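Enquirer:
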Amino acid sequence: MKRKIVISALALLSFAPPVFAGETALMDILEAKGVITKDDVKTVKKAKKSDHKKLYFGGRIMADYAFYSDDAGLDMGDGQEFRRARLFAKGHFGDWYFKSQWDFAGNKTTAKDVYIKYKGFKNITLSAGQFFEEFTMEGPSSSKYITFMERATVVNAFAPFRHIGLGINGHGASWSSAVGVFGGTATGTKTGIDSNFDVTGRFTVAPVHEKGAVIHLGGSASYRTPNSNRTVRFRARPESHVTHVRLVDTKAIGNVVNFISYGLEAAAVYGPVSVQGEYIRTSVNFQNGIANEPTFDGFYAYAS
34 MKRKIVISAL ALLSFAPPVF AGETALMDIL EAKGVITKDD VKTVKKAKKS DHKKLYFGGR
94 IMADYAFYSD DAGLDMGDGQ EFRRARLFAK GHFGDWYFKS QWDFAGNKTT AKDVYIKYKG
154 FKNITLSAGQ FFEEFTMEGP SSSKYITFME RATVVNAFAP FRHIGLGING HGASWSSAVG
214 VFGGTATGTK TGIDSNFDVT GRFTVAPVHE KGAVIHLGGS ASYRTPNSNR TVRFRARPES
274 HVTHVRLVDT KAIGNVVNFI SYGLEAAAVY GPVSVQGEYI RTSVNFQNGI ANEPTFDGFY
334 AYAS
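Note that my numbering has the sequence shown beginning at 34, numbered continuously upward.
1. Return the Cβ separation of ALA99 and VAL275 in integer angstroms, given the expectation that the two are a contact with Cβ distance under 8 Å.
2. By DSSP, does ASN229 sit in helix, in strand, or in coil?
3. So the beta strand (DSSP E) ASN189 belongs to, where does it begin and stop?
4. How is ALA138 classed by DSSP in three states: helix, strand or coil?
5. Identify which residue in ASN321, ILE286, VAL214 has its Cα closest to the Cα of ARG195.
6. CB-CB under 7 Å to ASP282, same chain, minus the five flanking residues each way: which ones, in chain order?
7. From ASN321 to TYR312, what distance separates their C-alpha atoms?
8. Whole angstroms is fine: what's the gap from TYR178's alpha carbon to ALA185's?
9. Per DSSP, which one or two residues make a beta bridge with ALA161?
10. Would you say the beta carbon of ARG184 is closer than 7 Å to some non-hydrogen atom of the ligand GTP?
11. Along the chain, where does the beta strand (DSSP E) containing TYR331 start, and where does it finish?
12. Should SER255 and GLU171 be called a contact, given that it needs their Cβ atoms to be closer than 8 Å?
13. For ASN325, which three-state DSSP category applies?
14. Residues in the same chain with beta-carbon distance under 6 Å from ALA301, minus the five sequence neighbours each way, listed in chain order, please.
15. Can you tell me whether DSSP reads HIS274 as helix, strand or coil?
16. Is the region 146-153 close to the region 227-237, with three or more CB pairs under 8 Å?
17. To the nearest angstrom, how far is the alpha carbon of ARG117 from that of GLU272?
18. Check this for me: beta carbons of ASP128 and GLU114, under 8 Å apart or not?
19. Roughly how far, in whole angstroms, is the beta-carbon of PHE126 from the beta-carbon of HIS85, given that I think they are within contact range, below 8 Å?
20. May I have the straight-line CA-CA distance separating GLY205 from LEU199, to the nearest angstrom?
21. Taking all protein chains shown into account, decide if PHE181 is buried (16 or more other Cβ within 10 angstroms of its Cβ) or exposed.
22. I need the boundaries of the beta strand (DSSP E) containing LYS87, first residue and last residue.
23. What number of angstroms, rounded off, separates the C-alpha of ILE287 from the C-alpha of GLY217?
24. Note down, one range per segment and in chain order, each alpha helix (DSSP H) of at least 4 residues found wholly within the region 284-324.
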């Protein structure tokens with residue numbers, strides 16, 4: 034009977050939150066009664082202390098070389114580059130998580146993820162700092178996890194990417210949701226469309242999520258106001274960063290009061306095969322309701 038009590042007590046302590054004063058006193062009482070030993074107390078305290086604080090350092094380097102077969106009159110420019118050269122530090126202290134990631138590629142220093150998060154609520158995360166706006170599937174995905182080195186052209190043209198803001202994320206067994214409000218960037222470096230104020234949200238569901246088989250569906254929306262010049266410009270390279278040519282380029286659009294983007298996403302995985310696709314539509318609204326307000330849309334799909 035005593036062995037059973039000891040096992041139950043240790044199991045309870047191993048799943049408890051970080052050890053505070055009250056729990057320490059409880060363990061002292063259990064030790065005094067002979068329910069657990071002094072070594073048991075030391076083991077539990079050491080394990081809880083280790084789980085309570087963690088710090089990681091890391092980075093990545095991605096190199097790219099591109100050779101183009103140009104149409105007449107179009108010079109893409111062959112070349113090579115370090116596409117990404119990043120260092121980061123991240124960790125957590127209890128329910129508080131943080132990350133600071135910087136990119137040194139292209140002979141410049143750019144802030145990427147610089148944020149703190151609080152995960153003390155069940156299935157809810159609060160975020161503050163510079164991080165990805167949750168728009169589209171590829172947009173907020175780390176470059177470590179996207180299929181190709183570059184995101185799809187339509188995503189690069191219309192997604193807001195990283196900005197300073199506040200966000201809240203929630204999730205269940207087969208769904209996730211996120212919403213946030215955003216402003217500029219940490220270093221003033223453009224990381225997406227040059228906007229002044231953003232409200233962005235996303236919802237996803239996985240009706241099938243088994244080992245080796247996943248079906249993912251989702252939608253996102255982003256309301257954005259333009260910069261102080263009331264202009265907006267959508268442009269993107271042709272899914273290669275080793276060129277300065279933008280095959281997609283609307284040039285500057287003036288007299289803009291706001292622009293709204295919508296995205297639909299779908300993906301499926303079965304064993305080693307995966308397919309995914311997205312559709313994005315962006316509407317630009319002018320001041321005073323001027324007619325002929327432009328709308329842009331596009332999509333991509335691929336398999337691997």
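All C-beta atoms, glycine included, are put in the ideal place defined by N, C-alpha and C. Values in this document were obtained by computation on a predicted structure and should not be read as measured data.
Expert: Reading from the atomic positions:
1. In the sequence shown, residue 99 corresponds to position 66, counting from 1. In the sequence shown, residue 275 corresponds to position 242, counting from 1. Indeed they touch by this definition, with Cβ atoms about 4 Å apart.
2. If you number the sequence shown from 1, residue 229 lands on position 196. It is a strand residue.
3. As a working note, residue 189 is residue 156 in the sequence shown. Per DSSP, ASN189 belongs to no beta strand (DSSP E); it is in the alpha helix (DSSP H), 186-191.
4. Translated into positions along the sequence shown, residue 138 becomes position 105. Helix.
5. As a position in the sequence shown, residue 195 is number 162, starting the count at 1. It is VAL214 whose Cα lies nearest to the Cα of ARG195.
6. As a position in the sequence shown, residue 282 is number 249, starting the count at 1. Only ARG268 meet the Cβ criterion.
7. Taking the first residue of the sequence shown as 1, we reach residue 321 at position 288. Taking the first residue of the sequence shown as 1, we reach residue 312 at position 279. Going by the C-alpha atoms only, they are around 29 Å apart.
8. In the sequence shown, counting from the first residue as 1, residue 178 sits at position 145. In the sequence shown, counting from the first residue as 1, residue 185 sits at position 152. Approximately 14 Å, taken between the alpha carbons.
9. Position 128 of the sequence shown, counted from the start, is the residue given in the question as residue 161. Partner(s): ILE149, LEU199.
10. Questions concerning the ligand GTP fall outside what the structure shown contains, since it holds no ligand whatsoever.
11. Position 298 of the sequence shown holds residue 331. Note on identity: in this sequence residue 331 is Gly, with Tyr being the wrong assignment. Note, GLY331: beta strand (DSSP E), 328-336.
12. As a position in the sequence shown, residue 255 is number 222, starting the count at 1. As a position in the sequence shown, residue 171 is number 138, starting the count at 1. For SER255 and GLU171, no; Cβs fall outside 8 Å.
13. Here residue 325 refers to the residue found at position 292 of the sequence shown. ASN325 falls in the coil class under three-state DSSP.
14. On the sequence shown, residue 301 is found 268 positions in, with the first residue counted as 1. Closer than 6 Å at the Cβ level, and outside the excluded window around ALA301, lie ILE248, VAL308.
15. Translated into the one-based positions of the sequence shown, residue 274 becomes position 241. The answer is coil: DSSP assigns HIS274 none of H, G, I, E or B.
16. no
17. Here residue 117 corresponds to residue number 84 of the sequence shown, with the count starting at 1. Here residue 272 corresponds to residue number 239 of the sequence shown, with the count starting at 1. Cα to Cα, the separation comes out at about 15 Å.
18. Taking the sequence shown and counting its residues from 1, one reaches residue 128 at position 95. Taking the sequence shown and counting its residues from 1, one reaches residue 114 at position 81. It is not a contact, given that the beta carbons lie outside the stated cut-off.
19. Taking the sequence shown and counting its residues from 1, one reaches residue 126 at position 93. Taking the sequence shown and counting its residues from 1, one reaches residue 85 at position 52. Contact flag correct, Cβ pair sits at about 7 Å.
20. Indexing the sequence shown from 1 puts residue 205 at position 172. Indexing the sequence shown from 1 puts residue 199 at position 166. Looking at the two C-alpha atoms, the distance is approximately 21 Å.
21. One-based indexing of the sequence shown puts residue 181 at position 148. PHE181 is exposed by the Cβ-count criterion.
22. Sequence index remark: in the sequence shown, residue 87 carries index 54 (1-based). It spans 86-99 - the beta strand (DSSP E) in which LYS87 sits, taken as one unbroken run.
23. Taking the sequence shown and counting its residues from 1, one reaches residue 287 at position 254. Taking the sequence shown and counting its residues from 1, one reaches residue 217 at position 184. The sequence given here has Gly at residue 287, not Ile. Between GLY287 and GLY217, the C-alpha separation is close to 20 Å.
24. none
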